[in-house]
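Position 29 (the sequence shown) corresponds to 232 in the numbering used here; numbering is contiguous.
Cβ atoms here follow ideal geometry from the backbone N, Cα and C, with glycine treated the same way.
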Amino acid sequence: MARLNEIYQGLEFNNDGELDLATGTIAPIKFYELMQREIDYSKRAKAPLTLISTGVAISESSIYWVEKSDISIEESELLISILLDFIINTSFKITGTLRSSDSMARLGVLTFAFLIRDDLKSGEILSSRINTVMEYEFNVLTSELQKSTLKGINLEIITCTSSYKDNWTLSEFLNSASL
Numbered sequence: 204m205a206r207l208n209e210i211y212q213g214l215e216f217n218n219d220g221e222l223d224l225a226t227g228t229i230a231p232i233k234f235y236e237l238m239q240r241e242i243d244y245s246k247r248a249k250a251p252l253t254l255i256s257t258g259v260a261i262s263e264s265s266i267y268w269v270e271k272s273d274i275s276i277e278e279s280e281l282l283i284s285i286l287l288d289f290i291i292n293t294s295f296k297i298t299g300t301l302r303s304s305d306s307m308a309r310l311g312v313l314t315f316a317f318l319i320r321d322d323l324k325s326g327e328i329l330s331s332r333i334n335t336v337m338e339y340e341f342n343v344l345t346s347e348l349q350k351s352t353l354k355g356i357n358l359e360i361i362t363c364t365s366s367y368k369d370n371w372t373l374s375e376f377l378n379s380a381s382l
């Protein structure tokens, strides 16, 4: 796993406590604080609240391939560059589709979360828009991988949408959206 860890470290999952430094989205700790405030508000006002998670998963066979292959430092750097372009472009384009009241965070190296003050149906509509952007950028990403010696890497987009239920804790709400 050392090689994969080096690649993940190269993807700049750093934040200043407020924002993710690569994407400008909300940092994880700030997002969790915001979620707790929104949950509290939702309980008091009986207002809907929906959480969407989306990200790219690297298949187990690809993890094995990366760990066991003889990819060079240059190929590792190319993979980091391709994935970082994907993260930044995806974030930028999705941010442009959000309402000012919607929140977006980068919660993992290749994972984003969205919190909206709306019901599940609206969440699914937003999720569809997010998936459209993700799929476009994903196709660019896989095209770049196919042009290189890194075509053995298999990735997939995973998206989950969940609406807040009465008396859920922050942890339960996060788990409901696979976060």
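- Spatial neighbours of Phe289 in its own chain (CB-CB distance under 6 Å, excluding positions within 5 residues in sequence) are listed in chain order as Glu340 and Leu344.
- The beta carbon of Ala250 lies closer than 7 Å to those of Tyr244 and Arg320 in the same chain, with the five residues before and after it left out.
- Within the DSSP secondary-structure output, Asp223 pairs in a beta bridge with Asn218.
- For Val259, the enclosing beta strand (DSSP E) starts and ends at Thr253 to Ile261.
- In the three-state reduction of the DSSP assignment, Ile229 falls in the strand class.
- Thr293 is the residue among Thr293, Thr352, Phe216 and Leu329 whose C-alpha sits nearest the C-alpha of Glu338.
- DSSP places Thr362 within a strand segment (E or B) once states are collapsed to three.
- About 16 Å separates the beta carbons of Gly299 and Ile255, which is beyond the 8 Å limit, so they are not a contact pair.
- Under the three-pair Cβ rule at 8 Å, the stretch 265-284 does not count as touching the stretch 361-374.
- Contact between the stretch 305-313 and the stretch 224-240 is present, with at least three C-beta pairs closer than 8 Å.
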